[in-house]
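Q:
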Amino acid sequence: YTLASAAAIVSIQQTCAFTRSTASPAFQTKLHSTTTETSAATTTVTTNPGDRDILIRAARGETVERTPVWLMRQAGRYMAAFREYSTKYPFRQRSETPAMAIELSLQCHRAYKMDGIIMFSDILTPLPTLGIEFDVIRGTGPLISTEISCLADVEKLNKVEDVDFDKTLPFIREILGTLSKEAEEANTSLIGFVGAPFTLAAYTIEGKSSKACLETKKLLMADERGDDKALSVFLDKLGEMIGLYGCHQIECGAQIIQVFESWAHQLTPQQFERYAKPASQRAIAIMKEKHPTVPVIYFANGGSSYLELQRDMGCDMIAVDWSVDLAKAREILGPEIPISGNIDPTVLFGSKEQIETAVRECIDNAGGPGKHLLNLGHGVMQGTPEEAVGWLVDECKRYKGKDA
């Protein structure tokens with residue numbers, strides 16, 4: 005952090021400090037409660053002993069007793085309880101204050117009983133370990149102030165071997181440590197996640213979200229010409245750091261890691277194969293070498309046009325977006341590759357019958373109950389009716405197959 009940004013953060017923390025001691029009684033009661041709250045949206049499906057690791061077993065490719073389910077952005081603004089925090093507190097304060105991050109991680113599981121609790125955080129969270137400054141502004145999104153426009157800029161960044169996650173991101177260990185206990189008490193799994201190297205590189209180079217990813221593409225073409233190797237060197241650095249960050253999450257309590265290649269839609273198949281893929285493979289390899297029994301899922305949003313290039317990512321499971329038929333994705337990837345996905349998130353704005361039909365079709369297309377990990381093909385959208393999430397989770401847990 006620069007001195008100016010550090011002072012600004014201290015100022016925010018002093019004026020908006022949120023600790024368990026100053027939280028409302030309702031918040032303190034909720035924080036470590038795994039009891040389902042009574043509401044119209046609350047799931048009615050009971051848990052079984054095998055629920056504790058059903059998601060993990062499915063991610064390893066095992067056929068399980070039913071299709072497990074969790075949702076990308078399941079901890080999000082579609083929930084009124086979540087918005088009580090997102091409208092009051094800046095994103096980084098919510099994600100880096102353990103009491104708040106823990107509560108926001110648990111809200112959706114208390115209500116809907118997905119088969120996993122995912123840490124409330126962001127793919128950009130580890131960037132400060134390399135000296136990259138960022139913020140997430142309400143109504144604007146991520147803003148990254150550290151400029152990366154040439155090789156010299158990359159060489160100014162911190163060395164990966166000097167990264168100390170406990171020093172720079174001390175909140176991660178407390179958040180995941182507490183959530184690990186909560187997951188055990190709730191008879192479910194704890195999910196961690198990281199951003200893929202190309203996605204983090206593109207965010208940093210663009211400085212914000214981008215429709216065309218133009219500055220990144222310029223560096224990519226300069227790299228291809230041999231004029232400036234900034235992108236390749238940056239991806240190598242990010243691949244190492246992200247792999248170690250995934251290991252850190254596992255060592256703090258995460259039982260499964262999902263890698264998010266959120267900007268895969270910006271890449272041609274050739275660009276993916278030359279740049280994004282090797283960097284993600286390196287990150288995944290670091291995690292698997294150190295923690296071989298912990299499943300790693302790889303999700304390339306917008307990457308369904310080159311699924312055949314994802315067969316050898318080195319991960320345990322491939323998650324696919326909603327733009328490909330799941331049966332076709334299964335055919336492309338082959339029967340030996342476990343698969344996750346892939347209901348269109350907009351289906352959750354439909355009727356109960358439409359949502360339940362989409363769940364059944366997704367499970368059938370994957371080969372039947374217990375043959376894949378059900379998720380959306382992207383995150384839960386803001387404005388999604390809360391009861392719709394409950395309908396999806398309930399139907400997934402209930403469905404026994406076409407012949408049942």
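Residues 5 to 408 (my numbering) are what the sequence shown spells out, left to right. Just so it is clear, CB atoms sit at the ideal spot from N, CA and C, and this is done for glycine as well.
Quick one: Cα of K406 to Cα of H376, how far?
A: The straight-line gap from Cα to Cα measures roughly 16 Å.
Q: Work out the CA separation of L161 and A205 for me, nearest whole Å.
A: Roughly 13 Å between the two C-alpha positions.
Q: Let me make sure I understand the geometry here. Which of T220, L194 and T67 has the alpha-carbon closest to that of M123?
A: Of T220, L194 and T67, the residue nearest in Cα terms is L194.
Q: Considering Cα atoms alone, identify which of A268, P339, R87 and E390 is closest to T4.
A: No information on residue 4 is available, as it lies outside the stretch 5 to 408 that the chain covers here.
Q: Sorted by chain position, which residues of the same chain lie with C-beta nearer than 6 Å to A289's C-beta, five sequence neighbours on each side aside?
A: G318.
Q: Of the residues P342, L330, L155 and E335, which one's Cα is nearest the Cα of D348?
A: Ranking the options by Cα distance to D348, first place goes to L330.
Q: Could you pull the start and end residues of the alpha helix (DSSP H) that I179 belongs to?
A: I179 -> alpha helix (DSSP H) spans P174 to E189.
Q: Would you mind stating whether Y89 and V393 have Cβ atoms separated by less than 8 Å?
A: It is not a contact, given that the beta carbons lie outside the stated cut-off.
Q: On the criterion of 16 or more Cβ atoms from any shown chain inside 10 Å, does E335 qualify as buried, or is it exposed?
A: With fewer than 16 other Cβ atoms within 10 Å, it is exposed.
Q: Which whole-angstrom value is the C-beta distance of S149 and E137, which I expect to be below 8 Å?
A: That pair is a contact at about 5 Å.
Q: Whose C-alpha, out of L110, L271, W395 and I254, is nearest the C-alpha of S355?
A: Considering only alpha carbons, the answer is W395.
Q: Three-state secondary structure (DSSP) at K406?
A: Note: K406 maps to coil in three-state DSSP.
Q: Using the rule of at least 16 other Cβ atoms within 10 Å of the residue's Cβ for burial, across every protein chain shown, is A234 buried or exposed?
A: Counting Cβ neighbours within 10 Å, A234 comes out buried, since at least 16 surround it.
Q: State yes or no: is the C-beta of V298 within less than 8 Å of the C-beta of S284?
A: Their beta carbons are not under 8 Å apart, which means V298 does not touch S284 by this criterion.
Q: Any chance you could list the alpha helix (DSSP H) runs of at least 4 consecutive residues sitting entirely within the region 177-262, in chain order?
A: Whole alpha helix (DSSP H) segments, 4+ residues: 201-210, 218-229 and 234-256.
Q: Assign P146 to one of three DSSP states: helix, strand, or coil.
A: Here P146 sits in strand by DSSP.
Q: Check whether the Cβ atoms of G211 and L147 lie closer than 8 Å to each other.
A: Closer than 8 Å, so yes.
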